[in-house]
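Residue numbers for the sequence shown follow numbering that gives the first Met the number 0, so the first one is 0 and each next one is one higher.
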Amino acid sequence: MNSASSPDFLNISYNIISISSIPIYILGFYCVLTKCPKSGIILKWCLLISCFWCCLMDCFVNILIHPMILFPQYCIYTLGPFTMYFDVSQEFQVFMFFFTFSGVSTSCICNIGNRYHHIKNIRIRPIIFHASICLLNLCFQILFMIALFINVPDQQSALQVVFSSLPNLPPIFHLMTPPFVLSLNKSSTLLKITVIGLLIIGQYLTFFGFVYYELFLITNSSMSIATRKLQKSLFIDVTIQSLVPIVSMTIPFSYFIGAGIYNYHNQGILHKMREELFLIVSKLFPALNNISFISFGLHGIINGITMLLIHKPFRQFMFCYSDKIRKTEVPIISAWVDRKTL
């Protein structure tokens, strides 16, 4: 068995990622709490909520749960302290994995929704607007969780089916703590995940399209040229902050979907596959299952670094320079200024 495909390698990788992410999260929370201009209070809260959910998901994934799924079966090993030391229910751990991921997704929608609310000058208080978005997504997530966990199979018989479908699985997997089988109906589970994914992406793209239209396509807006320029800059920053982590998760989700569709498993052993593409990929990457989860675990670090680099107040603090000294005392409208102060 390839060392990179072993559970121990995945455990070590999770631990390295969690240790590396601690200073980034501390710096991120410090910058959001102390370096955001007072006039940008709404955006400050959006960034704070986004940091909170990313940190919470990283705590569960990289520190407490250490998930490992034997795709194409939805058979989930939990290798972390929750299982090893605290004997926490695996079903609860899987639930928290999906729950924290849904929180991260909702925070991304709120970030871009905040730009829409600010630019469209909607006559709804920001807190009500954002609460409505959160409530809508909470309803989606509750329905998704119910649909996902309502048909959990009997674990003993389900494990027999899973292991018989993966006959070349290394012996170490049979000696570990029994995994949690979420479902034996792969097509149904894949459909549920696809539907909730499309709902999340659809909301994000809707807000993105409206904001892009207002800032880049409308020419007769009452917004001044200077304000429009600054709003464009902040819109680009928020978009980058949301898209970079999404792009970083392209590898794991592409593998998850492809493995489910083509009934493909890669844990360091080459199996008979239906598609030539997967044969080529498996030769290049002998442990795609582990690599995909390591890529997923890096989401928090990538998100934190992106936030610190793209937002000007944080970037100024990190690189220890200041633009307070100006040649002329001309009032400057910041992209962080709240609409009420304009």
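We put the beta carbon where it would ideally sit given N, CA and C, even for glycine.
| Query | Result |
| --- | --- |
| So, helix, strand or coil for Met272, using DSSP? | Unreliable positioning characterises Met272 in this predicted model, as indicated by a pLDDT of 44, which lies under 50. The coordinate reading is nonetheless provided below. Coil at Met272, not helix or strand. |
| Tell me the rounded alpha-carbon separation between Arg338 and Glu213. | Low confidence applies here, because Arg338 scores a pLDDT of 48, under 50, leaving its location unreliable and the question unanswered by this model. |
| Based on the DSSP secondary-structure assignment, which residues constitute the bridge partners of Val180? | Cys74 |
| With H, G and I counted as helix, E and B as strand and the rest as coil, what does DSSP make of Pro312? | helix |
| Report back the beta-carbon spacing between Gln72 and Ser101 to the nearest angstrom; my notes put them in contact at under 8 Å. | About 23 Å; that fails the 8 Å criterion. |
| Taking Met248 as part of the alpha helix (DSSP H), name the residues at either end of that continuous run. | Here Met248 belongs to no alpha helix (DSSP H), and DSSP marks it neither H nor E. |
| Thinking just about the alpha-carbon of each residue, which of Ile290, Thr305, Leu233 and Phe209 is nearest to the one in Pro66? | Ile290 |
| Taking Ile126 as part of the alpha helix (DSSP H), name the residues at either end of that continuous run. | Pro125 to Phe148 |
| Comparing C-alpha positions only, which one of Ile145, Tyr263 and Ile40 sits nearest to Ser164? | Tyr263 |
| Using 8 Å as the Cβ pair cut-off and three pairs as the minimum, do the segment 192–208 and the segment 2–11 touch? | no |
| Please work out which residues of its chain come closer than 7 Å, Cβ to Cβ, to Ala157, disregarding the five sequence neighbours upstream and downstream, and give them in chain order. | Val180 and Leu183 |
| Can you tell me whether Lys37 is buried or exposed? The criterion is at least 16 other CB atoms within 10 Å of its CB, across all chains shown. | exposed |
| Is Met175 helix, strand or coil when you go by DSSP? | coil |
| If you follow the beta strand (DSSP E) that Ile68 is in, where does it begin and where does it stop? | Pro66 to Ile68 |
| Sorted by chain position, which residues of the same chain lie with C-beta nearer than 7 Å to Val87's C-beta, five sequence neighbours on each side aside? | Phe81 |
| Assuming Phe70 contacts Met95 (C-beta within less than 8 Å), just tell me the rounded distance between them. | Their Cβ separation, rounded to whole angstroms, is 20 Å, which puts Phe70 and Met95 out of contact at 8 Å. |
| Are the CB atoms of Cys53 and Pro244 nearer to each other than 9 Å? | yes |
| Quick one, which of Ile48, Asp57 and Met248 has its alpha-carbon nearest Ser19's? | Asp57 |
| Please report the straight-line C-alpha distance between Ile324 and Gln315, rounded to a whole angstrom. | Interpretation of Ile324 is limited by its pLDDT of 42, a score under 50 that renders its predicted location unreliable; no figure is taken from the coordinates. |
| Can you give me the Cβ contacts of Ser241 inside the same chain, cut-off strictly under 8 Å, excluding the 5 residues immediately before and after it? | Cys107, Asn110, Ile111 and Tyr203 |
| Enumerate, from N- to C-terminal direction, the unbroken beta strand (DSSP E) stretches of 3 or more residues contained entirely within the segment 36–122. | 66–68 and 73–77 |
| Could you tell me the distance, in whole angstroms, from the CA atom of Thr238 to the CA atom of Asp153? | 43 Å |
| Pick helix, strand or coil for Cys30, following the three-state DSSP scheme. | helix |
| How many Å lie between Ser5 and Lys311 at the Cα? | 42 Å |
| Buried or exposed: Pro177, going by 16 or more other Cβ atoms within 10 Å of its Cβ? | exposed |
| Who are the near neighbours of Phe128 in its chain, counting only those whose CB is closer than 8 Å to its CB and skipping five residues on each side? | Gly112, His116 and Ile121 |
| Under a Cβ-count criterion, where at least 16 other Cβ atoms within 10 Å of its own Cβ denotes burial, should Asp236 be classed as buried or exposed? | buried |
| From the DSSP output, in three-state form, read off Phe318 for me. | coil |
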